[in-house]
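Numbering (the working numbering), first residue to last: 577 to 727. Backbone N, C-alpha and C define an ideal beta-carbon position, used for all residues, glycine too.
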């Protein structure tokens, strides 16, 4: 089996009002949604890049936990395609209102919607750059696996 097309990255914002322990608690609270037994990284590991084409080998899902306003301003939903690495980063901002204040169903709905939206934005990049990546199939497979795991 090949390499997963999706990878996950977690970054807690640099909020001067948060001490190191509070920042670690935020990361710890979100960590299972990425790397737990039923986390995003676990459920998407069956999606391997060879099944979708040759130009994108990694879509890095970058989750930014409570970034400051300055950080949020600089975060791009879709980064530049790195041809030499055959990779691209997509960012999702996680904060109290869109995640932490929600119940479990609301959190999962938010994550599904945001990842699905980033796949749509990535689809535009793939078309514009004429990359060999089957984005309709990738989105369909993502939604199928999500539904199988979370409904």
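Please report how far the alpha carbon of residue 628 lies from the alpha carbon of residue 663, in whole angstroms. 13 angstroms
Contact under 8 angstroms by Cβ, residue 669 with residue 698: no
Can you tell which of 597, 643, 604 has its C-alpha closest to the C-alpha of residue 673? 643
Would residue 694 and residue 666 be called neighbours here (beta carbons separated by less than 8 angstroms)? yes
Should residue 661 and residue 579 be called a contact, given that it needs their Cβ atoms to be closer than 8 angstroms? no
Please report how far the alpha carbon of residue 585 lies from the alpha carbon of residue 686, in whole angstroms. 17 angstroms
Residue 707 versus residue 631 - alpha carbon distance: 6 angstroms
Contacts around residue 620, its chain only, beta-carbon distance under 6 angstroms, and the 5 residues preceding and following it disregarded: 582
Of all the beta strand (DSSP E) runs that stay within the bounds of the region 647 to 672, which reach a length of 3 or more residues? 663 to 670
Report the option in 658, 713, 652 whose CA atom is closest to the CA atom of residue 705. 658
Among 709, 724, 718, the one whose alpha carbon lies nearest that of residue 626: 709
Length of the line joining the Cα atoms of residue 681 and residue 605: 16 angstroms
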